[in-house]
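**Student:** Read in the numbering used here, the sequence shown has 1282 at position 26, and its numbers run on one by one without any break.
Glycine included, C-beta positions come from ideal geometry on N, C-alpha and C.
Computed from a prediction, not measured in an experiment: that's the story for all the values here.
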Amino acid sequence: MHRKEMGALNFSIVIPTYNRAGLLDRTLFSVSRLRVPTGAEVELVVVNNNSTDNTSAVVGRHADDFPFPVREVIETKQGLNHARNRGIVEGRHEMLVFLDDDVKVNPEWLAGCREAAESNGADYVVGPVFPDYVDGKPSHVTPRIERWVDSWYSRRGDVPFRFEAAGGAFLPGCNFAVRKSVAEEIGGFRPDLDRCGKEMLAGGDTEFGYRLVESGKQGWYEPRCSIRHAVTLDKLGKPALRRRVAGLGRTWAVMEIVRSGPRPIRIREWCGGLKPVAFCLACAVSGDLNRAFELELDARFAWHFFLRRNRN
């Protein structure tokens, strides 16, 4: 367990990014408003993962006015976890803070993280993630479908607490901090378990969390370490929701395999997964298209879960 005197903890904020200069611009503005704890050194490392838009220009413009040093590094190996691993290498300070490129950060984030690490001995710190519907919601995003969107995010209330082993793998990749020495010790992120280009497979953060728990590291939930994660209209269109839910199904399957290993096909599960298909068709025939789409997403999740879970 790590304990340090107040004021001793320094931060490297790591933001991987790929072709989202507009959202990154918004995120960097938010990060520039962070309150820096007394005596702390902070740097920002933007890991540009082969962007072809004006990402570099956005970073350069913000760097001129930032309250702490800003560096852009280019990671040529495509994929989110390659970029995260580059951030582990490049970060110069003890605590690595990982944020997505489309978030707004609570100004008290660093203060909350420092208290968790210094007063409570945390090796890694996570906080709540709230959806930010920046463009509103289309009419087909019913409350049931909104729950699918909400499943991408993580909230555990307003009271700080230490993770017990059973819940310690809770690690939202868009919003967490980990000691650099710990990230190096457990081997960084698996590049095969997260987004690469348009592939919607996720789970690299969860698997990283499993290894943190298995290695006995101390985790802490700190409500001040909160962010708002942009949910734009392009994420809420029907094709995007179909891809996202299918990716969630594959991700859950991969996480089960990581934890428990492969297992034989269970016919009963296959039959259960087909139920939403029948109901979806019935709703479509009756004209209830919103309900049909809700059930279609349920069916896509189940289908992709079973296909991936039972693949040899």
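Anyone know if the C-beta pair for Gly-1460 and Leu-1468 falls short of 7 Å?
**Tutor:** Going by C-beta atoms, Gly-1460 is not nearer than 7 Å to Leu-1468.
**Student:** What do you get for Gly-1413, buried or exposed, if any count of 16 or more other CB atoms within 10 angstroms of its CB means buried?
**Tutor:** Exposed, by the Cβ-count rule.
**Student:** Label Glu-1360 either buried or exposed according to how many other C-beta atoms from any shown protein chain fall within 10 Å of its C-beta, with 16 as the threshold for buried.
**Tutor:** What sits at residue 1360 in the sequence shown is Lys, not Glu. With 16 or more other Cβ atoms within 10 Å, it is buried.
**Student:** To which residues of the same chain is Ala-1339 closer than 6 Å at the C-beta, ignoring the five residues directly before and after it?
**Tutor:** Excluding sequence neighbours, Ala-1339 sits near Pro-1272, Val-1303, Asn-1305, Glu-1331.
**Student:** Under a Cβ-count criterion, where at least 16 other Cβ atoms within 10 Å of its own Cβ denotes burial, should Phe-1445 be classed as buried or exposed?
**Tutor:** The residue is buried, with at least 16 neighbouring Cβ atoms inside 10 Å.
**Student:** With His-1485 as the anchor, note down where its beta strand (DSSP E) starts and where it stops.
**Tutor:** That run of the beta strand (DSSP E) goes 1483-1486.
**Student:** Specify, as a first and last residue, the run of the alpha helix (DSSP H) that Gly-1343 falls within.
**Tutor:** Its alpha helix (DSSP H) spans residues 1336-1346.
**Student:** Quick one: residues in its chain with C-beta nearer than 8 Å to the C-beta of Phe-1324, no 5 flanking neighbours on either side, listed in chain order?
**Tutor:** Cβ within range, chain order: Val-1292, Glu-1297, Val-1298, Glu-1299, Leu-1300.
**Student:** In chain order, what residues of the same chain have a beta carbon less than 8 Å from the beta carbon of Gly-1263, not counting five sequence neighbours either side?
**Tutor:** Note that Gly-1263 scores 48 on pLDDT, short of 50, meaning its location in the model is unreliable; the coordinates nonetheless yield the value given after this. Same-chain partners within the cutoff: Pro-1293, Thr-1294, Gly-1295, Ala-1296.
**Student:** Would you please state the rounded distance, in angstroms, between the beta carbons of Asp-1357 and Arg-1289? I believe it to be under 8 Å.
**Tutor:** Not really, about 16 Å apart at Cβ, beyond 8 Å.
**Student:** Are the CB atoms of Ala-1372 and Val-1381 within a distance shorter than 7 Å?
**Tutor:** In this structure, Ala-1372 lies closer than 7 Å to Val-1381 by Cβ.
**Student:** Could you check whether the stretch 1485-1497 touches the stretch 1390-1403, counting it as contact only if at least three pairs of C-beta atoms, one from each stretch, sit closer than 8 Å?
**Tutor:** Verdict: yes, contact present.
**Student:** By Cβ distance below 8 Å, which residues in the same chain neighbour Arg-1282 in space, the five residues on each side in sequence not counted?
**Tutor:** Hits under 8 Å: Asp-1358, Lys-1360, Ala-1486.
**Student:** Suppose only complete runs of 4+ residues qualify. What are the alpha helix (DSSP H) ranges in the stretch 1348-1401, listed by chain order?
**Tutor:** As far as the stretch 1348-1401 is concerned, its whole alpha helix (DSSP H) runs of at least 4 residues are 1365-1376.
**Student:** In or out: Asn-1431 buried (at least 16 other Cβ within 10 Å) or exposed?
**Tutor:** When all chains shown are included, Asn-1431 counts as buried.
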